[in-house]
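Here's the structure, in C-alpha cells; my notes come after.
Protein chains: 2
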Amino acid sequence: MAEPAREQKPKWRRRAESRPDEILDAALTIFERDGFDAARVEDIAKEAKLSKAGVYLYFDAKDAILRGLIEREVAPIARNLRAMAEAGVSDPKGALRMIIAGLTELAGDRRKFAVPRLVLSVASRYPDLAAFYRENVVDQGLGAAEMLVKAGVEQGVFRPCEPGVAARSLLGPIFIHGFYTHFLLGDRGPLEPAARIEAHTDILLNGLAARG
Amino acid sequence: MAEPAREQKPKWRRRAESRPDEILDAALTIFERDGFDAARVEDIAKEAKLSKAGVYLYFDAKDAILRGLIEREVAPIARNLRAMAEAGVSDPKGALRMIIAGLTELAGDRRKFAVPRLVLSVASRYPDLAAFYRENVVDQGLGAAEMLVKAGVEQGVFRPCEPGVAARSLLGPIFIHGFYTHFLLGDRGPLEPAARIEAHTDILLNGLAARG
DNA sequence: CAACAATAACTTACTCGTCAGTCATATACT
DNA sequence: AGTATATGACTGACGAGTAAGTTATTGTTG
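Listed in order, the protein sequences are those of chains A and B. Residue numbering for the first sequence follows this note's numbering, beginning at 5 and increasing consecutively. Residue numbering for the second sequence follows this note's numbering, beginning at 5 and increasing consecutively.
Structural data, given as C-alpha cells:
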C-alpha cells in the first residue's frame, strides 16, 4: 500500500551559480507587469522558484535587483553602440544607419525596453541608480551618435550643426515610439520596425546632409 | 492672567470651491518629488493644508488625483496644439515651428513635465488612465503634427513621407530631452531652449523639405 | 435680527491589508 | 563534520481608505 520511501527528491537544489540570472529573469517579468513599487519581492521569488529570503542571499535590496537588470540588459547594448561608433567614424552615415536600426530593433523588445521605463520612474528616489544608468547607458548611447555626427561634419558629409542636439534628434523618436507602443497602447499598435527605420533615417540623414 | 476667550479663530474654513485646485497643486508637488506609488496621500493633504480624509471628499481614490492632473495640466495644452495645427494648415512649416517651440518651452517646465512621467510609470496598472491620457494628450499632439506634415506634403512644401513617422521624429526628441534633463540629470544639465529649438527644427524641417 | 435647525465641509482616530527585510532553523553538498 | 544554500515564519512599519463625530456656514422662523 504505502509507497516505500522511494527516491524522495530533495526539497531544493543548490544552484548558486545560476540563481542570480534566474532572479533577474523573474524580476524583469514582474517589474514589467507591475512597475517597480507595485512589484512584490515575493512574486519575483516565486517566479524564480525560490523563497523570498533566497532572493536576499543574492541581492541586498529591491533596488539592487533593478541595478542588476541595468547591468545585464541594457548597459552592454549601450557599450556596443559606442564600439560601433568608434569603428565607424570613417563612414558616419552608414554607422548611424546601423545604430538607428539596432536601437529600433531593441525598441521592439518589450522586455528590454521595460528597464528604461523603470529607471525613469524611480530615478528621483534612487539618485545613485539614476547616475549609474546615465553614465552607463544614456551617455554611452548619446555619445556614440554624437561622435558620428561630429565626424560627419568634419568630413563634410553633414552640414554644420550641434552634435548633441542632432544626436537627440536621431535617437529620441525611437524611445518615444517604444514607450508609446509598449506602455500606452497595450498591444493594439503594431510596431513595423523596418518601415519606421527607413522613414525616420531618411528624414534625419537628409536633414543633416550637406547640400550638394 | 488667562487670556479671555478672545476672537478665537476657526479651526478651519470652508473652501469647497478652491479645494480641488489646491489639492491638485499639492499632489503635483508631492508626485513630482516621490513618484506615484511612493507619494503618500497624507503628504498631499498636509501640503494642501487639510486632512487626509478631506482629500477623499474631492477625489475617490489616489489615481483619481492623477487623472485630475492630466485634465488640468496637460490635456489643455494638447488640445491647444491641435487647434494651432488646424489654424495653420495653410503654412505647415510655420505652424510646425510654432508647435515645436511651444512644446520645447513646455519641456522646460519640470512641474508640467512630471505628469507624462507619472502616467508612463503607472500605465500598466491603470489601463483606463493610460487610455485617457493617450486619447486626450498623445493622440492630440501627434495628430496635430501629422496633420501639418500631411498638408505640407500635399502642398509640395515637404517631400512625400509617412506623416506618422515624421510626427514622431519631430516631437520625440523634445520629450526625451525633457525626461533626461529633469529626471536623470537632477539639476546639472542646463536646458537652453532657444538654441535647441533652432537646431532641432532646422534639422527636421530641412530633412522634410522638398528638394529645390 | 436673534435663536436655532439643517446641512455641507471638515477632522480625528481607526481598520485592515500589505510588504521589505530578518531570524532561526533545516537540508543539501563536499 | 562542516559549510554553503535554502526555507518558513516572523516583525515592524507603513499607508490607502473609512466611520463616526465636530465645526463652520446657510437658511428659516418667530
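The beta-carbon is built from N, C-alpha and C at its ideal position, and this holds for glycine as well.
Where residue i sits in the DSSP three-state scheme
{"i": "Glu7/A", "result": "The pLDDT assigned to Glu7/A is 41, lower than 50, so where the model puts this residue is not dependable, and the model offers no usable value."}
{"i": "Tyr130/B", "result": "coil"}
{"i": "Pro120/B", "result": "helix"}
{"i": "Ser55/B", "result": "coil"}
{"i": "Pro14/A", "result": "coil"}
{"i": "Phe136/B", "result": "helix"}
{"i": "Arg225/B", "result": "No answer is possible for residue 225/B: the residues shown for chain B start at 5 and end at 216."}
{"i": "Ala65/A", "result": "coil"}
{"i": "Leu146/A", "result": "helix"}
{"i": "Gly190/B", "result": "coil"}
{"i": "Arg44/B", "result": "coil"}
{"i": "Glu196/A", "result": "coil"}
{"i": "Arg19/B", "result": "coil"}
C-beta contact flag for residue i and residue j at 8 Å
{"i": "Ile69/B", "j": "Val141/B", "result": "no"}
{"i": "Gly182/A", "j": "Phe136/A", "result": "no"}
{"i": "Ala127/B", "j": "Phe40/A", "result": "no"}
{"i": "Leu4/A", "j": "Ala149/A", "result": "Nothing about residue 4/A can be read from this structure; chain A reaches only from 5 to 216."}
{"i": "Ala214/A", "j": "Val161/A", "result": "yes"}
{"i": "Ile27/B", "j": "Val59/B", "result": "yes"}
{"i": "Leu85/B", "j": "Gln144/B", "result": "yes"}
{"i": "Leu152/B", "j": "Ala52/B", "result": "no"}
{"i": "Leu122/A", "j": "Phe179/A", "result": "no"}
{"i": "Ala155/A", "j": "Val78/A", "result": "no"}
{"i": "Val45/B", "j": "Lys15/B", "result": "no"}
{"i": "Thr108/B", "j": "Pro167/B", "result": "no"}
{"i": "Pro131/B", "j": "Gly190/A", "result": "yes"}
{"i": "Arg71/B", "j": "Leu133/B", "result": "yes"}
{"i": "Arg83/B", "j": "Leu32/B", "result": "no"}
{"i": "Arg138/A", "j": "Leu212/A", "result": "no"}
{"i": "Ala42/A", "j": "Arg129/B", "result": "yes"}
Identified DSSP bridge partners for residue i
{"i": "Phe162/A", "result": "Ala213/A"}
Environment of residue i [buried if 16+ CB atoms lie within 10 Å]
{"i": "Ser173/B", "result": "buried"}
{"i": "Pro177/B", "result": "buried"}
{"i": "Pro96/B", "result": "buried"}
{"i": "Gly98/B", "result": "exposed"}
{"i": "Ala6/A", "result": "With a pLDDT of only 38 at Ala6/A, under the threshold of 50, the placement of this residue in the model should not be trusted; the figure read from the coordinates follows. Ala6/A comes out exposed."}
{"i": "Arg200/B", "result": "buried"}
{"i": "Asp206/B", "result": "buried"}
{"i": "Arg18/B", "result": "exposed"}
{"i": "Ser55/A", "result": "exposed"}
{"i": "Ser125/B", "result": "buried"}
{"i": "Glu158/B", "result": "exposed"}
{"i": "Ala203/A", "result": "buried"}
{"i": "Ala49/B", "result": "buried"}
{"i": "Ala57/A", "result": "exposed"}
{"i": "Ala227/B", "result": "In the structure as shown, chain B starts at 5 and stops at 216, and residue 227/B therefore has no counterpart that could be examined."}
{"i": "Ala91/B", "result": "exposed"}
{"i": "Ala20/B", "result": "exposed"}
{"i": "Arg10/B", "result": "Since pLDDT at Arg10/B reaches only 44, below the 50 mark, its modelled position is unreliable, and no value is offered."}
Span of the alpha helix (DSSP H), counted from its first residue to its last, around residue i
{"i": "Ser173/A", "result": "167 to 183"}
{"i": "Ala38/B", "result": "For clarity, residue 38/B is Asp in the given sequence; the question names Ala instead. Taken as a continuous stretch (DSSP letters only), the alpha helix (DSSP H) holding Asp38/B covers 23 to 38."}
{"i": "Pro96/B", "result": "96 to 111"}
{"i": "Ala89/B", "result": "79 to 91"}
Proximity test, residue i beta-carbon vs the ligand MG heavy atom, cut-off 7 Å
{"i": "Leu107/A", "result": "Absence of the ligand MG from the depicted structure is noted, as is the absence of any ligand whatsoever, leaving it without description."}
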